[in-house]
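These notes are about the structure you will find just below.
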Amino acid sequence: MLDALVIGAGPSGSRTAWNLAEAGYSTALVEEHEIVGEPCQCAGLITPRTFEYLGYKRPVQQEMSGARLWGPKGSFLNFQASETKALVIDRPDLDRSIANRASDAGADLMPGHRYLGHHRTSDGITAKIQSKKGKLEISTRLLIGSDGPASRVARDSGLSSKREVLAAFGADVAGYQGIENHVDLFVGSDMAPRFFGWG
């Protein structure tokens, strides 16, 4: 029986598995996709504090110390800080890097395995997992759902609540002419209805 089974190898799941394995707990990290970080699930704009906490050691693509906040009709506000406020990183590489650090610390990294459900037992939890080779059951003392905003682990545990999830899309764009070390943030119902965009 495992001490902990973590579902989802995004940054929070992988860092949790890394912490647990490093502390000596037997841990497995289940990820439904064959390649951790693909498809990309979120943008690569993070704070320096997050960068440090996640232990990400790869080069930063861009340091951001300022921002232009764009509103309706081309109006904008310019903000400038004396230090770096955000970092642009390769998000899929971030996910893989942290999952690999969890594995290096002793967690059993299981890409290509999908969580199907779980049930309680007298001494813990048994999770059902699907892989290319078939179904398996994993017994654990602790089940951690880090499987995103539509978490199946949370739903199966009776913890999920109905909440709105906004769809988003991203693209890598060559030739974008912004201000160096600044992020452009776009708000307003015409440009980014109910959320924001950045470039």
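Each residue of the sequence shown is one higher than the last, beginning at 1 in the working numbering. Ideal placement from N, C-alpha and C gives every residue a C-beta, glycine not left out.
Of the candidates Gly199, Asn100, Thr140 and Pro48, Gly199 places its Cα closest to the Cα of His182. In this structure, the alpha-carbon of Gly37 lies about 12 Å from that of Gly13. Of Ser189, Gly112, Ser157 and Leu142, the smallest CA-CA separation from Asp123 is found for Leu142. Linking Gln62 to Leu87 through their CA atoms gives a straight-line distance of about 6 Å. DSSP places Asn78 within a strand segment (E or B) once states are collapsed to three. When DSSP states are grouped into helix, strand and coil, Glu31 belongs to the strand group. Within its own chain, the residues whose Cβ lies closer than 7 Å to the Cβ of Ala17, once the five positions on either side in sequence are excluded, are Val6, Thr27, Leu29, Ala102 and Ala107, listed in chain order. In the three-state reduction of the DSSP assignment, Tyr115 falls in the strand class.
Met191 and Glu34 have their C-alpha atoms some 35 Å from each other. If you draw a straight line from the Cα of Ala23 to the Cα of Asp3, it comes to about 11 Å. Within its own chain, the residues whose Cβ lies closer than 6 Å to the Cβ of His113, once the five positions on either side in sequence are excluded, are Val30, Ile129 and Ser131, listed in chain order.
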